[in-house]
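Residue numbers (the working numbering), protein chains in the order written: chain A, 406 to 555; chain B, 406 to 555. Reading through the structure tokens given below for one structure.
Number of protein chains: 2
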Amino acid sequence: MSTRGEAAYAVLSHVRPLHLQAARAVTRRLQGQGITMAVRALLERLEDQGPQTVPQVAEWLDVSRQAVQRVVDDARRLGHVELRDNPAHRRSRLVALTGEGRRAYTALHAEELRTLGALAAGIEPDDLRTCAAVLERLAAALAAAPHGGA
Amino acid sequence: MSTRGEAAYAVLSHVRPLHLQAARAVTRRLQGQGITMAVRALLERLEDQGPQTVPQVAEWLDVSRQAVQRVVDDARRLGHVELRDNPAHRRSRLVALTGEGRRAYTALHAEELRTLGALAAGIEPDDLRTCAAVLERLAAALAAAPHGGA
């Protein structure tokens, strides 16, 4: 148990620095394009999940609805998202990608994958997949722990 | 390249949620002990690296010196750290663990390893080690990238 605990601890101890490094790199890359990291995250969510309400996005990103509303306003000013009526909830409109927003995100993401592929050139794809699966399982285990894990 | 890029992207996409889950879990666990997550991080750094100046801790945690100074003040009030003269820099004193601070951190960390070992019970230790190594290499590659990676 102790070996496994120490190995899991080593994973978690690398998560924070990598999170910071990745956030900084994404921010630098986006600077020239007038897109913030938050707008990028919104576009990704809408591309992956289809139109969402502000509360849905807020829950996913684990930030306040007010914060999401500001990001939606920014993305609308850029022409990347639009509001649509929500058949399910009259008072909570849907945020959806525009054609331009989809094109912008697709180009951005293709470039990210190219850069990441080059960065990870020395790492076996199987090891990357193992790593992603481990992170997903740890996050799920932590989320399910009654009193919170480590 | 694209497969590797996508696999690396999958890793990064799990880093942020796991970082949030872990921070929340640690915070919950520390609440009963009067230790904040920041104080815990300070104690860990001093245990692993020996006495450090405030600027050294600030650089490692990637936060401001003022923020570290507040954490050091909190830890001193708890009796977990003390200031010592620094033979190398007269104006930058060293922050060091007290005996009580070391005992508190050791007990805390042993409990974390037990909890994490239980949480990760279904994950192969080798996969955890592969994951930690991948995260470390990705963070290093991102840090070394001239214009920032993904």
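Glycine is no exception: its CB is placed at the ideal position from the N, C-alpha and C atoms.
Between the beta-carbon of residue i and the beta-carbon of residue j, is there less than 8 Å?
i: A/R508; j: A/E452; result: no
i: A/A545; j: B/L533; result: no
i: B/C536; j: A/T535; result: yes
i: A/L524; j: B/A550; result: yes
i: B/E505; j: A/Y414; result: no
i: A/H419; j: B/E541; result: yes
i: B/G562; j: A/G527; result: The structure shown does not extend to residue 562 of chain B, since chain B is modelled only from 406 to 555, so the question has no answer here.
i: B/A480; j: B/R470; result: no
i: B/A427; j: A/L417; result: yes
i: B/D531; j: A/L425; result: no
Given this structure, state the Cα-to-Cα distance separating residue i from residue j, to the nearest angstrom.
i: B/G553; j: A/V431; result: Because B/G553 sits at a pLDDT of 47, beneath the cut-off of 50, its placement in the model cannot be relied upon, and the following sentence gives the value as read from the coordinates. So the alpha carbons of these two residues sit roughly 7 Å apart.
i: A/L423; j: B/L483; result: 31 Å
i: A/H485; j: A/V476; result: 11 Å
i: B/L499; j: B/H514; result: 23 Å
i: A/T408; j: B/A538; result: 16 Å
i: A/T503; j: B/A446; result: 44 Å
i: A/A493; j: A/V444; result: 25 Å
i: B/Y510; j: B/T520; result: 15 Å
i: B/R429; j: A/D478; result: 29 Å
For residue i and residue j, which I take to be in contact (beta-carbon distance under 8 Å), what is that distance rounded to the nearest angstrom?
i: A/W465; j: A/R489; result: With a Cβ gap of about 19 Å, A/W465 and A/R489 do not count as contacting.
i: A/S497; j: A/P460; result: 7 Å
i: A/L435; j: A/T441; result: 7 Å
i: B/A472; j: B/E487; result: Not really, about 20 Å apart at Cβ, beyond 8 Å.
Query raised in the report: Closer than 7 Å, Cβ to any Cβ of chain A: which residues of the region 438-464 of chain B, in chain order?
Result: So the list is empty, because no residue satisfies the distance condition.
Query raised in the report: Just by C-beta distance, which residues in the region 409-437 of chain A are closer than 7 Å to chain B?
Result: R409, G410, E411, A412, A413, Y414, A415, V416, L417, H419, V420, R421, P422, L423, H424, L425, Q426, A427, R429, A430, V431, R433, R434
Query raised in the report: Which ranges does the alpha helix (DSSP H) cover as unbroken runs of at least 4 residues, wholly within the region 468-492 of chain A, from first to last along the chain?
Result: 470-482
Query raised in the report: Between the region 521-535 of chain B and chain A, which residues of the former have CB atoms less than 8 Å from a CB of the latter, in chain order?
Result: L521, G522, A523, L524, A525, A526, G527, I528, P530, D532, L533, R534, T535
Requested in this report: Tell me the start and end of each unbroken alpha helix (DSSP H) in the region 437-461 of chain A that is at least 4 residues and wholly inside, in chain order.
Outcome: 442-454
Requested in this report: Name, going along the chain, the residues of the region 509-520 of chain A whose beta-carbon falls closer than 7 Å to a beta-carbon of chain B.
Outcome: E517, L518, R519, T520
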